[in-house]
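For the sequence shown, position 52 (counting from the first letter as 1) is numbered 199 according to the numbering used here, and the numbering increases by one without interruption.
All residues carry an ideal CB built from backbone N, CA and C; glycine is no exception.
Keep in mind the model is a prediction, meaning the values are calculated, not measured.
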Amino acid sequence: MDFPALFRKSSTFSLFPGCCGLLANLGCCATECTVESPPGNVIGTVEQKWAFCASALRIKDENGKEILRTEGPCCCMMCGCQDKEFPVVTPTGKEIGSITKKWGGCLREAYTDADIFSVTFPMDLDVRAKAVLLGATFLVDFMEFEQKAKNSS
């Protein structure tokens, strides 16, 4: 039985993704993601922005208005045997949730490409914002944790 798609995420990747995003303010170098639900109906976007020594994302609604933002840990904190937390805040700076990559243990981290993420947000957050936040989670994974593995092979 085929089920209709409920959610679609499409991304454009930059030449220099991930850590620091030093050139992210130049249109050609920023990574971004569009979230549609149902497919064909844009409900929001996620855009990489410049941040010193960290990855920063701006989460926008279907009208391009910034509704949330997240900034990851400093590049130097991305290594090590611990969870990696990306706090989710409102445009005014109030923390309302987080995107967290869970530490998988030495063997899983070293020998597999499997990752576990946790996303927290308020129950009353708009359902479209929740979907775009899930898109941001995929973008964090691709920018911070997948590209490095592909480049090393």
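Taking the alpha-carbon positions, what's the E242 to S202 distance?
-> 17 angstroms
In terms of alpha-carbon separation, which member of E232, K212, M270 and C180 lies closest to C221?
-> E232
What residue range is occupied by the uninterrupted beta strand (DSSP E) comprising L215?
-> E213 to E218
Can you give the Cα-Cα distance for I246 and L280, rounded to whole angstroms?
-> 9 angstroms
Heavy atom of the ligand SAH within 6 angstroms of V193 beta-carbon = Among the components of this structure there are no ligands whatsoever, and the ligand SAH is therefore not found.
If you count every other CB in all the chains shown that lies within 10 Å of the CB of M290, and 16 or more means buried, which is it?
-> buried
CB-CB under 8 angstroms to V189, same chain, minus the five flanking residues each way: which ones, in chain order?
-> T181, V182, E183 and E209
Three-state secondary structure (DSSP) of L280 = helix
Do you know how far the Cα of R205 is from the Cα of E179?
-> 9 angstroms
A257, enclosing alpha helix (DSSP H) - first and last residue = C253 to Y258
Where V274 falls, given that 16 or more other Cβ within 10 Å makes a residue buried = Under the 10 Å beta carbon count, V274 is surrounded by fewer than 16 other beta carbons and is classified as exposed.
Could you tell me the distance, in whole angstroms, from the CA atom of W250 to the CA atom of A261?
-> 11 angstroms
In this structure, what does DSSP give as the bridge partners for L204?
-> Q195 and T217
Buried or exposed (CB count within 10 angstroms, at least 16 for buried), Q229 | Burial call: exposed.
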